[in-house]
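Peer 1:
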Amino acid sequence: MARPVRFNIHPIQADIKDNISLANMPEGYTGEGFFASRLSDVVGLARKNSIWPMPFATSCCGIEFMAVMASHYDLARFGAERLAFSPRQCDLLMVMGTIAKKMGPIVKQVYLQMAEPRWVLAMGACASSGGIFDTYSVLQGIDQVIPVDVYVPGCPPRPEAVIDGFMRIQDLVGQESVRRRNSEQYKGLLQSYGIQ
Amino acid sequence: MALTNETIKDRLIAKFGEQLSHFEEPYGLLTFEAPRDLNLKVMQFLFDDQELRFQFLTDLTAVHYPDQQGRELAVVYHLHNLTDNIRLRFKVFTPSEKPDVFTATQLYSSANWMERETYDFYGVNFVGHPNLKRILNVDEMEYFPMRKEFPLEDQTRIDKDDAMFGR
Amino acid sequence: MSTEHHIKLPEGSIEKSTTTLNLGPTHPATHGVFQNILELDGERIVSAEQTVGYIHRAFEKLAERRPLYQITTLTDRLNYCSSPINNMGWHLTCEKLLGVKTPKRVDYMRVIIMELARISDHLICSSVVGVDSGAFTGFLYVMQYRELIYEIYEEVCGSRLTTNMGRIGGFERNFTAAAWEKLERFMAEYPAVLKEFENLFSRNRIFMERTIGAGPISAERALNYGFTGPNLRAAGVDYDVRVHSPYSSYEDFEFDIPVGSTGDCYDRFLVRNGEMWQSLRIIEQAYRKIQDMKGAEADVYHADAPEYYLPSKSDVYTKMEALIWHFKIVMGETDIPPGEVYQAVEGGNGELGFYLISDGGRTPYRLHFRRPCFIYYQAYSELTKGAMLSDAIIVMSSLNLIAGEMDA
Chain D
1 MARPVRFNIH PIQADIKDNI SLANMPEGYT GEGFFASRLS DVVGLARKNS IWPMPFATSC
61 CGIEFMAVMA SHYDLARFGA ERLAFSPRQC DLLMVMGTIA KKMGPIVKQV YLQMAEPRWV
121 LAMGACASSG GIFDTYSVLQ GIDQVIPVDV YVPGCPPRPE AVIDGFMRIQ DLVGQESVRR
181 RNSEQYKGLL QSYGIQ
Chain R
197 MALTNETIKD RLIAKFGEQL SHFEEPYGLL TFEAPRDLNL KVMQFLFDDQ ELRFQFLTDL
257 TAVHYPDQQG RELAVVYHLH NLTDNIRLRF KVFTPSEKPD VFTATQLYSS ANWMERETYD
317 FYGVNFVGHP NLKRILNVDE MEYFPMRKEF PLEDQTRIDK DDAMFGR
Chain H
364 MSTEHHIKLP EGSIEKSTTT LNLGPTHPAT HGVFQNILEL DGERIVSAEQ TVGYIHRAFE
424 KLAERRPLYQ ITTLTDRLNY CSSPINNMGW HLTCEKLLGV KTPKRVDYMR VIIMELARIS
484 DHLICSSVVG VDSGAFTGFL YVMQYRELIY EIYEEVCGSR LTTNMGRIGG FERNFTAAAW
544 EKLERFMAEY PAVLKEFENL FSRNRIFMER TIGAGPISAE RALNYGFTGP NLRAAGVDYD
604 VRVHSPYSSY EDFEFDIPVG STGDCYDRFL VRNGEMWQSL RIIEQAYRKI QDMKGAEADV
664 YHADAPEYYL PSKSDVYTKM EALIWHFKIV MGETDIPPGE VYQAVEGGNG ELGFYLISDG
724 GRTPYRLHFR RPCFIYYQAY SELTKGAMLS DAIIVMSSLN LIAGEMDA
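Going down the list, the sequences are from chains D, R and H.
Taking our numbering, the leading residue of the first sequence gets 1, the next gets one more, and so forth.
Taking our numbering, the leading residue of the second sequence gets 197, the next gets one more, and so forth.
Taking our numbering, the leading residue of the third sequence gets 364, the next gets one more, and so forth.
(1) So, is the C-beta of aspartate 770 of chain H closer than 8 Å to a C-beta in chain R?
(2) Relative to the C-alpha of threonine 591 of chain H, which candidate in R:Met239, R:Leu253 and R:Phe243 has its C-alpha closest?
(3) In terms of residue numbering, what span does the alpha helix (DSSP H) encompassing valine 492 of chain H cover?
(4) Could you confirm whether any beta carbon from chain R is found closer than 8 Å to the beta carbon of asparagine 587 of chain H?
(5) Roughly how many angstroms separate the alpha carbons of aspartate 667 of chain H and threonine 465 of chain H, rounded to a whole number?
(6) Measuring CB to CB, does aspartate 296 of chain R end up less than 8 Å from asparagine 277 of chain R?
(7) Can you pull the DSSP bridge partners for aspartate 404 of chain H?
(8) Classify valine 693 of chain H as buried or exposed, calling it buried when 16 or more other Cβ atoms lie within 10 Å of its own Cβ.
(9) Going by beta-carbon coordinates alone, are leucine 269 of chain R and threonine 290 of chain R separated by less than 8 Å?
(10) Determine whether the Cβ of valine 259 of chain R lies closer than 8 Å to any Cβ atom of chain H.
(11) Which class does asparagine 385 of chain H belong to by DSSP, given the choice of helix, strand or coil?
(12) Within the stretch 105-179 of chain D, note down every full alpha helix (DSSP H) run reaching 4 residues or more, in order along the chain.
(13) By the 10 Å Cβ neighbour count, where 16 or more other Cβ atoms means buried, how is leucine 121 of chain D classified, buried or exposed?
(14) If you draw a straight line from the C-alpha of phenylalanine 422 of chain H to the C-alpha of asparagine 712 of chain H, how long is it?
(15) List the residues of chain R whose Cβ lies closer than 8 Å to the Cβ of threonine 203 of chain D, in chain order.
(16) With a 10 Å radius around its C-beta and 16 neighbouring C-beta atoms as the bar for buried, classify tyrosine 353 of chain H as buried or exposed.
(17) For a test of the three-state rule: what should DSSP assign to glycine 658 of chain H, helix, strand or coil?
(18) Give the DSSP-derived three-state secondary structure of phenylalanine 422 of chain H in the structure shown.
(19) Taking the alpha-carbon of leucine 724 of chain H as reference, which of H:Gly695, H:Pro735, H:Ile757 and H:Gln706 has the nearest alpha-carbon?
(20) Going residue by residue through the stretch 293-357 of chain R, where are the continuous beta strand (DSSP E) segments of at least 3 residues, counting only ones entirely within it?
(21) Can you look up isoleucine 620 of chain H in the DSSP assignment and give me helix, strand or coil?
(22) In three-state terms, what does DSSP make of valine 271 of chain R?
(23) At the 8 Å Cβ level, is isoleucine 204 of chain R part of the contact set with chain H, yes or no?
(24) Using a Cβ-Cβ cut-off of 8 Å, state whether methionine 639 of chain H counts as contacting chain D.
(25) Name the chain R residues that come within less than 8 Å of lysine 459 of chain H, Cβ to Cβ?
(26) Quick check on glutamine 433 of chain H - is its C-beta less than 8 Å from some C-beta in chain R?
(27) Rounded to the nearest angstrom, what separates methionine 364 of chain H and threonine 383 of chain H at their Cα positions?
(28) Straight-line CA distance for valine 409 of chain H to arginine 82 of chain D?
(29) Taking 7 Å as the limit between beta carbons, can you name the residues of its chain near glutamate 313 of chain R, skipping five residues before and five after?
(30) Which runs of the beta strand (DSSP E) spanning at least 3 residues fall entirely within the stretch 708-768 of chain H, listed in chain order?
(31) Let me confirm a value: methionine 1 of chain D is counted as buried when at least 16 other C-beta atoms fall within 10 Å, else exposed. Which label applies?
(32) Quick check: what's the CA-CA separation for leucine 715 of chain H versus leucine 586 of chain H?
(33) Buried or exposed: valine 786 of chain H, going by 16 or more other Cβ atoms within 10 Å of its Cβ?
(34) Cα separation between alanine 480 of chain H and alanine 661 of chain H?
(35) Using beta-carbon positions only, say whether valine 469 of chain H and serine 490 of chain H come within less than 8 Å of one another.
(36) Hey, is the stretch 414-428 of chain H in contact with the stretch 762-770 of chain H, meaning 3+ C-beta pairs nearer than 8 Å?
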């Protein structure tokens, strides 16, 4: 006999102490009137709490993303208040849904239009690996055309999973070294995709 | 007197005689077969006739029967008479070497994209279509994917092992 | 000074008086991927050319590889805003082919789920019309109640969006007590929310001026273009598959069909809102009918079709016949009669048809989906001829174009 899920029938009273979280201060030396820390920590802290995503919604995962953006699962609490619909003004490209071969060049073009530093989140099984559509017309994962940072599996992933993926992106952003984008390894990665 | 499948069949046979064949009623839907050259005439008759009034094209698609020589591709039309609420299905068969079928776009504007889709999947050449090019697949594709001889999967993919997937 | 600077312009570009604007596959109105190439004369649209296929996933070819009960997961992803309707439509098609008759309680449960899905679909469309005309609030208000609908789906089948709900012959499990509680809460709270949503938009001067007169279509042209569903009803034709070819006991319910007159965006918006009120009416009637059932028929949730409906696991592990049926169904040894069947259901966008040709084998010989979005999107160039660019956006969102259904 299945246990019925009972959340949201009798919601608990909200308590202000559960709702506010403060970002942790990075490690450093403090003294009267100064605080010295690593540049990458401070820049990472600022960047990770204000990521502006670009929703590249193609199919069902896009509707689940609309649910994530809505007030119930609110992605705006994580700093993604402004959904940038132009790739030139966004940090994170969230590819949500199946990418067909016809759409592949367009994903690549949107990725090229983004300015560094940029991250990519592949949401859903179709964007990660082609999903249930192992057919002649579907690209088997967007990592065939662009480098991906975080994959969120699911068909569609629950909003909590999307938020978890977003938090992993935040971890990546917070810990990124200042020299990464100019390093040989990163350039090699882009070369392997044919991106200059 | 309400319109019934019998009445429609009698009117069609009265107009076209022996050329229409294979009258059946699977699951209550009158189905018949017409010769390839008459598809437009049959649809025009069904559209204009005051009693029959099949003025709504519900669906237009094709089926591939690779085993029937000379009749491999069947174009299937589903029509609907909205005032009397009767549906109808008819098919035209055409060989796959030269699959020319007259277009229905003059009569029904909805046939435009449905015929493009049928061309894209099966290669049926609709004679007289204003813009017959691929609609759902990439423009550079050289084959007609829904035909039975072509596989479902993309043969050039390297990350999926067919042996493990049971293919 | 004889320096000649030649700026290379494309051929004929100075003479051309219209601008080409690519309302490309990715655009801010997150509707899905389809492209419009517009020729603009200033702000007016001279012509529009549509390209689709950016999410073509080859459903029809995939379906030839899968047995009937596995195709339900494909049908989810057609009109993914209201996937239970697609699922139920597919089950009805299979039941028509196989000759399975479902009991009344199953029909009423299906009706409840389908009408919830219709409300969920129309909520997305109506609130996104609001978002495209600049009003984000309505979207946030109604998404809260879409979450409640998702929770009801979760109670019934376990999944929120792509539901894979039900089986050939009924449902996989009875609705739990929590599902009924959530449904009662929905029926109690939702009318006030819908009223508030309507108050925000229906007599709002800015919304009315944006949408009245945007993209009108006459009933004759709409019928010729193969329109069905709310878009056709907004043009004045009251064709609804639930009334004209009733399925799943819809003939037992009493509901009206809201009809518009000019077929413009405002009429489409109002027709969808009207349909949501009617869906609520149907849900209440179905709920009442199920609660009034007594005795043995009050617990049934699937048809008695052992050839096509998997027996319960406790039976499979204890009874020999159940084990044999389970084996036959999963391995594909059951008798699927050869034949061709066309079944239509009233989806969120209109007549969603399934044309299934079976040759007696485990998988269909041919399965074709009659997808309403694909068929009526052709009319977009006629709807926007002479309109302004912002009208083109509103027309696109009011037509409720779902890319998954368009490309299949």
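C-beta: ideal position from N, C-alpha, C; glycine also.
Peer 2: Taking the geometry as given:
(1) yes
(2) R:Leu253
(3) 467-495
(4) yes
(5) 8 Å
(6) no
(7) H:Arg407
(8) exposed
(9) yes
(10) yes
(11) strand
(12) 125-129 and 159-174
(13) buried
(14) 19 Å
(15) Examination of residue 203 of chain D is not possible in this model, given that chain D is present from 1 through 196 alone.
(16) Residue 353 of chain H is absent from the model: chain H starts at 364 and stops at 771.
(17) helix
(18) helix
(19) It is glycine, not leucine, that sits at residue 724 of chain H in the sequence shown. Considering only alpha carbons, the answer is H:Gly695.
(20) 296-298 and 321-323
(21) coil
(22) strand
(23) no
(24) no
(25) Tyr223
(26) no
(27) Bear in mind that a pLDDT of 43 at methionine 364 of chain H, under 50, signals an unreliable position, so the number given afterwards is only what the model happens to contain. Cα-Cα distance, rounded: 37 Å.
(28) 34 Å
(29) Ile331 and Leu332
(30) 714-721 and 729-733
(31) The pLDDT assigned to methionine 1 of chain D is 41, lower than 50, so where the model puts this residue is not dependable, and the model offers no usable value.
(32) 16 Å
(33) Nothing in the structure corresponds to residue 786 of chain H, since chain H is present only between 364 and 771.
(34) 24 Å
(35) no
(36) yes
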